[in-house]
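Peer 1:
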Amino acid sequence: MKGLPLSLSAASLAALLCASAGCGKGRIDRVEWPVMGTVAAVQLRSSSVFGYHAATSVVQQITVDLERALNAHDPDSELSRLAPLEEGEILAGCGKSPMVYRREVRPCYEAAFKLMHASGGVFNPRWRGTNTLDLGAIAKGFAVDVAALDCYVDRADALVDIGGNIKSVRGTWKTGVKDPDGDGFAAVVELREGEALATSATYYRGSHIRDGRTGLAVSNGVASVTVLCDSAMWADGLSTTLFVFGPEEGRAFLDEHLPELAGSGKVAVLWILSDGRREKVDADNRFAE
Numbered sequence: 142m143k144g145l146p147l148s149l150s151a152a153s154l155a156a157l158l159c160a161s162a163g164c165g166k167g168r169i170d171r172v173e174w175p176v177m178g179t180v181a182a183v184q185l186r187s188s189s190v191f192g193y194h195a196a197t198s199v200v201q202q203i204t205v206d207l208e209r210a211l212n213a214h215d216p217d218s219e220l221s222r223l224a225p226l227e228e229g230e231i232l233a234g235c236g237k238s239p240m241v242y243r244r245e246v247r248p249c250y251e252a253a254f255k256l257m258h259a260s261g262g263v264f265n266p267r268w269r270g271t272n273t274l275d276l277g278a279i280a281k282g283f284a285v286d287v288a289a290l291d292c293y294v295d296r297a298d299a300l301v302d303i304g305g306n307i308k309s310v311r312g313t314w315k316t317g318v319k320d321p322d323g324d325g326f327a328a329v330v331e332l333r334e335g336e337a338l339a340t341s342a343t344y345y346r347g348s349h350i351r352d353g354r355t356g357l358a359v360s361n362g363v364a365s366v367t368v369l370c371d372s373a374m375w376a377d378g379l380s381t382t383l384f385v386f387g388p389e390e391g392r393a394f395l396d397e398h399l400p401e402l403a404g405s406g407k408v409a410v411l412w413i414l415s416d417g418r419r420e421k422v423d424a425d426n427r428f429a430e
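Numbers in this note's numbering are just positions in the sequence shown, counted from 1, shifted up by 141.
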């Protein structure tokens, strides 16, 4: 599983937004700021300055709120307070304690446990042990989905990106899948409106991806896995799961559990192995080489 180190003040975010956006006239394409242990960004085309600041302000507030709620390293976070509870209590009983649990975050917990059961524990929000919760392998994608839903800007093509978990809010965007062995791209993806993309890879932070069944770092010959689907949350969670499984078991897992997990079931996957081989689940050839 991927950890989620979180720390940043709202004041720091506001200062970074102001510095990135600037006060000049003309087109503004992108603004970014650190959050959730990584970098968040909003990118727009053909937007007014007002619309641009409106979108970035929404995404900023959402990422700050979710960072506070889902910080596994903060004993006072919502996630830490829920950690000792049983799964059923978390999913059904926590509405009784609104100061501890906010219902709008429930889909993230629900998806994490659903993926845990479907994968036989390969994806495991309790991989650190009993009475713990860590949603680091799905929380950034969840934040992207929430932000994309809330930051619609009239007449603007928008893209939300949190740590490489990206989603097209509006418009079509072309992006690339990094080649693990170089500086170029292994594939190019045309991201259509409403679609999301996430990658789990050793080149981000070394062998940080763990098998939820053992808690041990994965070393299985997979260099990266990229998932394309309609939900950034599911793309995030599935990329970790399919990294651990590898291509053969991963295909069998997808055959059995889609569309149970990712909604529409329209999922494309690209595995890049450490020896340079590439394996795909990609009926519509979305990963163009």
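The beta-carbon is built from N, C-alpha and C at its ideal position, and this holds for glycine as well.
None of the values given here were measured: they were computed from a predicted structure.
1) By Cβ distance, which residues of its chain are closer than 6 Å to Trp-419, with the 5 residues on each side in sequence left out?
2) Runs of 3 residues minimum, wholly inside the region 314–379: which ones carry the beta strand (DSSP E) assignment?
3) DSSP puts Lys-308 in a beta bridge; with which residues?
4) According to DSSP, is Thr-179 helix, strand or coil?
5) Helix, strand or coil, according to DSSP, for Glu-420 in the structure here?
6) To the nearest angstrom, how far is the alpha carbon of Thr-355 from that of Tyr-193?
7) According to DSSP, is Arg-114 part of a helix, a strand, or is it coil?
8) What are the start and end residues of the beta strand (DSSP E) that includes Leu-414?
9) Within 10 Å of its beta-carbon, does Asp-302 have 16 or more other beta-carbons around it, so buried, or fewer, so exposed?
10) Which residue or residues does DSSP assign as beta-bridge partners of Leu-171?
11) Based on Cα-Cα distance, which residue from Ala-342, Leu-300 and Phe-384 lies nearest to Arg-186?
12) Measure the CB-CB distance between Leu-332 and Ile-307 and report whether it falls below 8 Å.
13) Assuming Glu-219 is part of the alpha helix (DSSP H), what are its boundary residues?
14) Taking only the alpha-carbon atoms, compute the straight-line gap between Asp-291 and Val-199 and give it to the nearest angstrom.
Peer 2: The structure says:
1) Stepping through the sequence shown from its first residue, residue 419 is reached at position 278. Going by the sequence as given, residue 419 is Arg instead of Trp. The residues are Ile-413.
2) Runs of the beta strand (DSSP E) lying entirely within the region 314–379 and spanning at least 3 residues, in chain order: 314–319, 326–332, 337–342 and 363–370.
3) Position 167 of the sequence shown, counting from 1, holds the residue named residue 308. Lys-308 is bridged to Val-301 and Ala-337.
4) Taking the sequence shown and counting its residues from 1, one reaches residue 179 at position 38. Strand at Thr-179.
5) Reading the sequence shown from its first residue, position 279 is the one you call residue 420. Collapsing the DSSP output to three states places Glu-420 in a strand.
6) Stepping through the sequence shown from its first residue, residue 355 is reached at position 214. Stepping through the sequence shown from its first residue, residue 193 is reached at position 52. Taking the straight line from one Cα to the other gives about 45 Å.
7) Residue numbering for the chain in the displayed model covers 142 to 430; residue 114 lies beyond these limits and cannot be assessed.
8) Locating residue 414 in the sequence shown gives position 273, counting from the first residue. 409–414 is the span of the beta strand (DSSP E), which, as asked, contains Leu-414.
9) Counting from 1 along the sequence shown, the entry for residue 302 is found at position 161. Under this definition Asp-302 is a buried residue.
10) Mapped onto the sequence shown, residue 171 falls at position 30. Sequence inspection shows Arg at residue 171; the Leu mentioned does not correspond to that position. Paired residues: Gln-184.
11) On the sequence shown, residue 186 is found 45 positions in, with the first residue counted as 1. Out of Ala-342, Leu-300 and Phe-384, Leu-300 has the C-alpha closest to the C-alpha of Arg-186.
12) Here residue 332 refers to the residue found at position 191 when the sequence shown is read from its first residue. Here residue 307 refers to the residue found at position 166 when the sequence shown is read from its first residue. Yes, they are a contact pair.
13) Locating residue 219 in the sequence shown gives position 78, counting from the first residue. Glu-219 -> alpha helix (DSSP H) spans 219–223.
14) Translated into the one-based positions of the sequence shown, residue 291 becomes position 150. Translated into the one-based positions of the sequence shown, residue 199 becomes position 58. One C-alpha to the other measures close to 7 Å.
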